[in-house]
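Everything in the sequence shown is counted per the numbering used here, starting at 1316 for the first residue and increasing by one.
Working notes for the structure below.
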Amino acid sequence: MKKRIFLSLLGVIAVVAILGGIKALQIGRMIEAGESFVPPPETVTTAEVRTESWESLLTAVGSLEAVQGVTVSAELPGKVVKLGFESGEMAARGDILLEQDTSSERARLPGAEAAVALAKNNFRRAGELLREKFISQAEYDRAESEYRVAVAAADEIRATIAKKTIRAPFAGRLGIRLVNLGEILQEGDDIVSLQALNPIFANFLLPQQQLGRIGIGLPVRVTTDALPGETIEGRITAINPQVDAATRNIRVQATADNPGERLRPGMFANVAVVLPQQSEVLTIPATAVLYAPYSDSVFVVEEKKDEETGETALVLRQQLVRLGEKQGDFVAVLSGLKEGEYVVSTGAFKLRNGQSVVVDNTLEPEFKHQPTPENE
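Below you can see the structure in the form of structure tokens.
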């Protein structure tokens, strides 16, 4: 019995040893295969690092404002008896927009004018009597004062009538009518918005360190999502004499033509100030950059020679870069690259340093300085 048990144990040990040896051999071969495995090259698109002459631009976000714009309001209380405009139409300077009831003032005006005529005659007679020395100087002064008081009373009535006739203070586009015929207006009640829309102001802010680079007359380009793909040309016409102490920004105003009145006050706009000097910059597509908090980087494509076979292959080298301003699909590189080098232009996020690649630029998208993407 003992002999049988001993032989059984030996058999089990032999089987385990054989299985362990086989598994160890398999693992060893897998390790060798893994060490000798070379992944296939990744297909990439590349772009050359080029030197270009770029316009120097100062970009900012601004808002549009009418050259002249007011909300016409009532100066005096009164009933609306006549409307002289329709919503949205053009108004010339001096056009009557609204008339209030002036019947009581017009009724008092003839009496005031009669009082003026009487006071004028009395003043004239007092002058004649004073020359003949039939009255004193005090009586003459009293007649003159009564005449002036009568004239002032009549002028006050005429001024009230004029104030109840609301006229356009300047030429412009009228807004939506806010009053109705027969409505009783109080002092300060809004009647209609009036805006002069051509030309139009673009107001924006720039940091104080840019103050020395701008000046009156510099060209600006205004774009807005209300006019996709269009650029409105203008010029700087005013620079605020003081810097905002809270933000250290300076307020700048540009004036741009607005044919067709397509731009309206209150619109959001992107403003670019075109500086007179141009700069030479190294450029690459913006899609080539791997953006990271610690530093931005790109993958440079280089040739590397295999020491064993002597064959050359394309490999990647991750390079840290310092970026400048953007222009369309391109970005300026301030440091880290040299002219003539090639960088991976798309799909850089899936690559790694030292990886083998194959270049196929047939898949590369078209990069533009002024792209006009379609809104899908």
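No residue lacks a Cβ here, since even glycine has one placed at the ideal position from N, Cα and C.
Please name the residue in N1437, V1387, G1393 and E1471 whose C-alpha comes closest to that of L1424. E1471
Does the Cβ of A1458 have 16 or more other Cβ atoms within 10 Å, making it buried, or fewer, making it exposed? buried
Taking 8 angstroms as the threshold, find out whether the segment 1541-1554 comes into contact with the segment 1498-1505 through three or more Cβ pairs. no
Quick check on P1600: buried or exposed, where buried means 16 or more other Cβ atoms within 10 Å of its Cβ? buried
Assign N1573 to one of three DSSP states: helix, strand, or coil. coil
Same chain only: Cβ atoms within 7 angstroms of P1574, ignoring 5 sequence neighbours per side: N1513
Through-space distance from V1382 to L1496, alpha-carbon basis: 30 angstroms
Expressed to the nearest angstrom, what Euclidean distance is found between the alpha-carbon atoms of G1403 and G1384? 14 angstroms
Within the segment 1513-1591, ranges of the beta strand (DSSP E) (whole runs, at least 3 residues): 1534-1538, 1547-1558 and 1564-1571
Taking 8 angstroms as the cut-off, decide whether the C-beta atoms of R1408 and A1477 are in contact. no
Using 8 angstroms as the Cβ pair cut-off and three pairs as the minimum, do the segment 1610-1622 and the segment 1655-1663 touch? yes
Buried or exposed (CB count within 10 angstroms, at least 16 for buried), F1400: buried
The beta strand (DSSP E) that contains D1456, what's its start and end? From DSSP, D1456 is part of no beta strand (DSSP E) but of the alpha helix (DSSP H) over Q1452 to K1478.
Let me know the secondary structure DSSP gives S1650 once reduced to three states. strand
Those runs of the beta strand (DSSP E) which lie wholly inside the segment 1339-1390 and span at least 3 residues: 1357-1359, 1361-1363 and 1365-1388
F1400, enclosing alpha helix (DSSP H) - first and last residue: Premise fails: F1400 is in no alpha helix (DSSP H) and is neither H nor E.
Give me, in chain order, the residues of the same chain whose beta-carbon lies closer than 7 angstroms to that of K1653; leave out the 5 immediate sequence neighbours on both sides. V1364
From the DSSP output, which residues share a beta bridge with V1615? R1632 and V1658
By DSSP, does I1506 sit in helix, in strand, or in coil? strand
Would you call the segment 1545-1557 and the segment 1322-1330 touching, i.e. three or more CB-CB distances under 8 angstroms? no
What number of angstroms, rounded off, separates the C-alpha of E1679 from the C-alpha of V1604? 15 angstroms
Under DSSP, the beta strand (DSSP E) around S1610 begins and ends at which residues? No beta strand (DSSP E) contains S1610, which DSSP labels as neither H nor E.
Taking the beta strand (DSSP E) that E1414 belongs to, which residues open and close that run? I1411 to Q1415
Ignore the nearest five residues each way along the sequence and tell me which others in T1366's own chain have a CB closer than 8 angstroms to its CB. E1595, V1596, L1597, T1598 and E1654
Starting from the C-beta of A1361, find all residues in its chain whose C-beta is less than 7 angstroms away, skip the five residues before and the five after it, and write them out in chain order. First, the amino acid is wrong: residue 1361 is Thr here, not Ala. Once the five neighbours on either side are set aside, the close Cβ partners of T1361 are V1616, Y1657, V1658, V1659, S1660, V1674 and N1676.
Could you pull the DSSP bridge partners for F1645 from this structure? P1600 and Q1642
Assuming S1612 contacts Q1634 under a Cβ cut-off of 8 angstroms, what Cβ separation, rounded to an integer in Å, is found between them? 6 angstroms
Secondary structure at L1424, three-state DSSP: helix, strand or coil? helix
Of the listed residues S1368, K1338, P1356 and T1374, nearest to V1586 (C-alpha basis): T1374
Assigned exposure category for V1672 - 16 Cβ within 10 Å defines buried: buried
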